[in-house]
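Protein chains: 2
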Amino acid sequence: MSAETSHRLIKAFLRQPVDRTPVWLMRQAGRYLPEYRQLREKMGGFLAMAKNPEIAAEITLQPLKRFPLDGAIIFSDILMIPDAMGLGLYFAENEGPKFKHMIQHEKDVSTLVIPEPEEKLNYVLDAIKITQKSLENKIPLIGFAGSPWTVATYVISDAKKMLFQAPELLHRLLDKLAESTVKYLNAQISAGADAIMLFDTWGGLLTTRDYHDFSLKYAKKIFSGLQREHKGKKIPCIFFTKQGGQWLEDMLSIQPDVLGLDWTVNIGEAREKINQRAALQGNLDPMLLYSNPKRIQAEVEFILNAYGKYSGHAFNLGHGIPKDVPVENVAALVDAVHSLSAKYHG
Amino acid sequence: MSAETSHRLIKAFLRQPVDRTPVWLMRQAGRYLPEYRQLREKMGGFLAMAKNPEIAAEITLQPLKRFPLDGAIIFSDILMIPDAMGLGLYFAENEGPKFKHMIQHEKDVSTLVIPEPEEKLNYVLDAIKITQKSLENKIPLIGFAGSPWTVATYVISDAKKMLFQAPELLHRLLDKLAESTVKYLNAQISAGADAIMLFDTWGGLLTTRDYHDFSLKYAKKIFSGLQREHKGKKIPCIFFTKQGGQWLEDMLSIQPDVLGLDWTVNIGEAREKINQRAALQGNLDPMLLYSNPKRIQAEVEFILNAYGKYSGHAFNLGHGIPKDVPVENVAALVDAVHSLSAKYHG
């Protein structure tokens, strides 16, 4: 039996009754916060921050000091596993993430070593421990990783071309990434993560069949390998495929506790389809944060109403917070969720 | 009453019986063809080709000389309307399309003039006439335009930001684009286009409600304004939203003859949902053209079988042909559709 949780967010993840709809925001620790930008300037960039456990913990806590959020997510990146495999993650100025060593040939895959998290990713585990000390169990902390398919799209110059030209090689890579991810996420759980999220940012690039064969299959391998209970507490596991709205029912096959919804999905229709077989997380359009508090309140009301008087909704955006939205709009969003959601509960 | 058509593609668009599933391919006249690349080098770029009616007609016909395709699509671009409005379309080396004058303020929209197709877009109309002469009614010719929302994403630096910050301004722009598009497409029909396709490449960026309000609403305005019969022949009208698989039933509200499907949709499920209220066009993953003939045949069979023994399927890709796929794979695809589809008909 699982011990009872008092966290509103964990309760929602487990489809238990709550007093208000909990809310956290993907990329809530990020560039829209002036204090984040200051620290980034001082530290010299993202990777230096993410690999310093004290700093990563500090950044994780930054948004919690401003907003009454119901959850924290450890400050890190979905590409830490391939970096730990020795592929050499770096960020070029004003560009996305890049790798010094890309995966192209048989040998590139066969020589990849599954990283031991305690050796190669210890900075993430330490950041989780430090953050948990500060949080004093008042707010749950989410650990995360990228789905193997999504990580593959960054370490292969054209992952879809490989899918069609060398599918077996791609499968071997995905399998190694999945095995690494199981170890990594279990290490995060052991270090104190209260919930786990697997980000499949690029699953939506695939056909339905390829989504099953190249994305969902490896997500399932991960979800089956996770310690889903730790020290008597259930560890809710969230799966999120951006542009995956057509495949929500297919995703149930990996036995997620929670499914993430991007902003293109109607959450009311999703709730009917899923029919309480998983909790739902989402799904405000992140670009709405460029509008104004009144418009934000209206959209929050729309989503809460579409979900209705059911348990199992964790409010969030449908994707990460854009880098330059006004901080006061983020505050308005968090307040709107708490103040407008009470009437849908209890 | 419409006169009867003998074109396999038009019959499929109108959900009439055919002997084999017809096939054409988005961007079938394009960079994967060596003869196209040669001409492009000689002419000095895309715009010089598209604005020269003889050359545009020649390029339109290039793929038909190689493959037994069931349709041609006029060689042009979805951005010809804003170019004709004076915004100054150009293509920077190895970059996408750009405009000299972007839409940002009230004045930018209020000063926009609806272009008279016969004056400002006559090169497209002439290209249609020249192409039709060569085709001698053996193959139907498709005319096209971009949806107002999709065109807007190119003429505004961040259209989604404008959607949330200045929705009324965006609506005024979309309305002018829709009005221009009605005139333009009707002029294409008068010039001889046998069918019309409206490309909503970026509708999938929107929430369901915003898709209705900012994309579908203007597509509806266009579809209501089109001459859907010309010289006694019905002109089938195709609507295609990439990443719009969740909204297929919503699209029926604009009364399309045909709905385009991208590669993420299962065409069997789409056919059941649409239940013969429109024909379907699609939906092979364009990246599959990097694989090999055997794999291509298997995928064609999968799609034909998923659609089943129903009328109303025009085979196509789920998006344009990538620029450097092997020509022999395109040939294999066209042959596979014809040879494998006979058993699903008659």
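These protein sequence lines map, in sequence, to chains A and B.
So in the working numbering, spot 228 of the first sequence is number 231, and the numbers just go up one at a time.
So in the working numbering, spot 41 of the second sequence is number 44, and the numbers just go up one at a time.
For glycine and all other residues, C-beta sits at the position ideal for the given N, C-alpha and C.
None of the values given here were measured: they were computed from a predicted structure.
Tell me whether lysine 237/A counts as near the ligand ADP, meaning its Cβ is closer than 7 Å to at least one heavy atom of that ligand.
This structure lacks the ligand ADP, and indeed carries no ligand of any kind.
Establish whether the CB of serine 5/B and some CB of chain A are separated by less than 8 Å.
One-based indexing of the second sequence puts residue 5/B at position 2. Below a pLDDT of 50, predicted positions are generally treated as unreliable, and serine 5/B, at 46, falls in that range; the measurement from the model is reported next regardless. Serine 5/B does not count as touching chain A.
In angstroms, rounded to a whole number, what distance separates the CA positions of methionine 4/A and lysine 236/A?
If you number the first sequence from 1, residue 4/A lands on position 1. If you number the first sequence from 1, residue 236/A lands on position 233. The predicted position of methionine 4/A is uncertain, since its pLDDT is 41 and thus under 50; a value taken from the coordinates is nonetheless stated next. For methionine 4/A and lysine 236/A, the distance between alpha carbons rounds to 8 Å.
Just to confirm, is the Cβ distance from leucine 283/B to tryptophan 266/B under 8 Å?
The residue given as residue 283/B occupies position 280 in the second sequence. The residue given as residue 266/B occupies position 263 in the second sequence. In this structure, tryptophan 266/B does not lie closer than 8 Å to leucine 283/B by Cβ.
Phenylalanine 78/A and valine 337/A - do their beta-carbons sit closer together than 8 Å?
In the first sequence, residue 337/A corresponds to position 334, counting from 1. In the first sequence, residue 78/A corresponds to position 75, counting from 1. Not a contact, by the Cβ cut-off of 8 Å.
In chain B, which residues lie with their C-beta within 9 Å of the C-beta of phenylalanine 318/A?
As a working note, residue 318/A is residue 315 in the first sequence. By Cβ distance, chain B contributes nothing, its closest Cβ being about 15 Å from phenylalanine 318/A, past 9 Å.
Looking at chain B, is there any beta carbon in it that lies within less than 8 Å of the beta carbon of aspartate 288/A?
For the purposes of this step, residue 288/A is taken as the residue at position 285 of the first sequence. It does: the Cβ of aspartate 288/A has a partner Cβ on chain B nearer than 8 Å.
On the premise that glycine 323/B lies in contact with proline 289/B, defined as a C-beta separation below 8 Å, what is that separation, rounded to the nearest angstrom?
The residue labelled residue 289/B in the question sits at position 286 within the second sequence. The residue labelled residue 323/B in the question sits at position 320 within the second sequence. At roughly 6 Å, the Cβ-Cβ gap stays under 8 Å, so proline 289/B and glycine 323/B are in contact.
According to DSSP, what are the bridge partners of tyrosine 372/A?
As shown, chain A starts at 4 and ends at 349. That puts residue 372/A outside it, with no answer to give.
Under three-state DSSP, which class holds serine 5/B?
Counting from 1 along the second sequence, the entry for residue 5/B is found at position 2. Reliability of the predicted coordinates at serine 5/B is poor, the pLDDT of 46 falling under 50, and the value obtained from them is presented with this limitation in mind. Coil at serine 5/B, not helix or strand.
Would DSSP call lysine 276/A helix, strand or coil?
As a working mapping, residue 276/A is identified with position 273 in the first sequence. Correct three-state label for lysine 276/A: helix.
Checking contacts by CB at 8 Å: is tryptophan 205/A closer than that to chain B?
Numbered from 1 along the first sequence, position 202 holds the residue referred to as residue 205/A. Tryptophan 205/A does not count as touching chain B.
Could you check the C-alpha separation between glutamine 31/A and aspartate 213/B for me, to the nearest Å?
Taking the first sequence and counting its residues from 1, the one referred to as residue 31/A is at position 28. Taking the second sequence and counting its residues from 1, the one referred to as residue 213/B is at position 210. Roughly 24 Å between the two C-alpha positions.
What residues from chain E crowd round tryptophan 266/A, counting only those whose CB sits closer than 7 Å?
Within the model displayed, chain E is absent; protein chains A and B are what it includes.
Pick out whichever of Asp197/A, Leu188/A and His233/A has its Cα sitting closest to the Cα of alanine 222/A.
As a working note, residue 222/A is residue 219 in the first sequence. Taking only the C-alpha atoms, the option nearest alanine 222/A is Leu188/A.
Which residues, in chain order, does the segment 76-101 of chain A contribute to contact with chain B at a C-beta distance below 8 Å?
Those residues of the segment 76-101 of chain A that come within reach of chain B (Cβ to Cβ, closer than 8 Å) do not exist; the list is empty.
Distance check for glutamate 61/B and asparagine 55/B, CA to CA, integer angstroms please.
Counting from 1 along the second sequence, the entry for residue 55/B is found at position 52. Counting from 1 along the second sequence, the entry for residue 61/B is found at position 58. Distance between the alpha carbons of asparagine 55/B and glutamate 61/B: 10 Å.
Tell whether a beta-carbon distance below 8 Å holds between leucine 144/A and alanine 196/A.
Here the question's residue 144/A lines up with position 141 in the first sequence. Here the question's residue 196/A lines up with position 193 in the first sequence. A contact, by the Cβ cut-off of 8 Å.
Residues of chain B with a CB under 9 Å from the CB of glutamine 284/A: which are they?
As a first step, residue 284/A is located in the first sequence; it is residue number 281 there, counting from the start. Under the 9 Å cutoff, chain B gives no residues; its nearest Cβ is about 16 Å from glutamine 284/A.
Using 8 Å for Cβ pairs, my map puts glutamate 121/B next to alanine 190/B. What's the rounded Cβ distance?
On the second sequence, residue 121/B is found 118 positions in, with the first residue counted as 1. On the second sequence, residue 190/B is found 187 positions in, with the first residue counted as 1. Glutamate 121/B to alanine 190/B, Cβ: 6 Å. Contact.
Between which residues of its own chain and isoleucine 76/B is the CB-CB distance below 6 Å, once the five residues before and five after are set aside?
Position 73 of the second sequence, counting from 1, holds the residue named residue 76/B. Counting only Cβ-Cβ distances below 6 Å, and skipping sequence neighbours, we find Ile145.
Roughly how many whole angstroms lie between the Cα atoms of tryptophan 205/B and threonine 153/B?
As a position in the second sequence, residue 205/B is number 202, starting the count at 1. As a position in the second sequence, residue 153/B is number 150, starting the count at 1. About 5 Å.
Mind checking which residues open and close the alpha helix (DSSP H) that includes lysine 254/A?
Within the first sequence, the letter at position 251 stands for residue 254/A. The sequence shown places methionine at residue 254/A, not lysine. Counting along the chain, the alpha helix (DSSP H) containing methionine 254/A begins and ends at 251-254.
Counting only beta-carbon separations shorter than 8 Å, does glycine 248/B have a partner in chain A?
For the purposes of this step, residue 248/B is taken as residue 245 along the second sequence, with counting starting at 1. Yes, glycine 248/B counts as interfacial toward chain A.
List the residues of chain B whose Cβ lies closer than 9 Å to the Cβ of phenylalanine 167/A, in chain order.
Against the first sequence, residue 167/A aligns to sequence position 164. Per Cβ cutoff of 9 Å: Asp288, Met290, Leu291, Leu292, Tyr293, Ser294, Asn295 and Arg298.
Taking alanine 53/B as the reference, which of Gly74/B, Ile131/B and Leu90/B has the closest Cα?
As a position in the second sequence, residue 53/B is number 50, starting the count at 1. The residue with the shortest Cα to Cα distance from alanine 53/B is Ile131/B.
With a threshold of 8 Å between beta carbons, is lysine 163/A in contact with chain B?
Numbered from 1 along the first sequence, position 160 holds the residue referred to as residue 163/A. By this cut-off, lysine 163/A is an interface position.
Please report the distance separating the alpha-carbon of leucine 43/B from that of tyrosine 126/B.
Locating residue 43/B in the second sequence gives position 40, where the first residue counts as 1. Locating residue 126/B in the second sequence gives position 123, where the first residue counts as 1. Residue identity differs from the one stated: residue 43/B is arginine in this sequence, not leucine. If I take the Cα positions, the gap works out to 17 Å.
Which ranges would you report for the beta strand (DSSP E) in the segment 290-344 of chain B if only whole runs of at least 3 residues count?
The qualifying runs are 316-320.
Excluding the 5 residues flanking glycine 315/B on each side, which residues of the same chain have their C-beta closer than 7 Å to its C-beta?
Here residue 315/B refers to the residue found at position 312 of the second sequence. Only Ala15, Arg18, Gln279, Ala282 and Leu283 meet the Cβ criterion.
Could you check whether the Cβ of asparagine 269/B sits closer than 8 Å to any Cβ belonging to chain A?
For the purposes of this step, residue 269/B is taken as the residue at position 266 of the second sequence. True, the Cβ-Cβ gap to chain A drops below 8 Å.
Going by Cα to Cα distance, which pick from Lys110/A, Ser294/A and Glu139/A is closest to glutamine 168/B?
As a first step, residue 168/B must be located in the second sequence, where it is residue number 165. Residue Ser294/A is the option with its Cα nearest to glutamine 168/B.
Suppose you measure from the CA of lysine 1/A to the CA of glutamate 171/B; what does that come to, to the nearest Å?
Here chain A has residues from 4 to 349 only, and residue 1/A is not among them.
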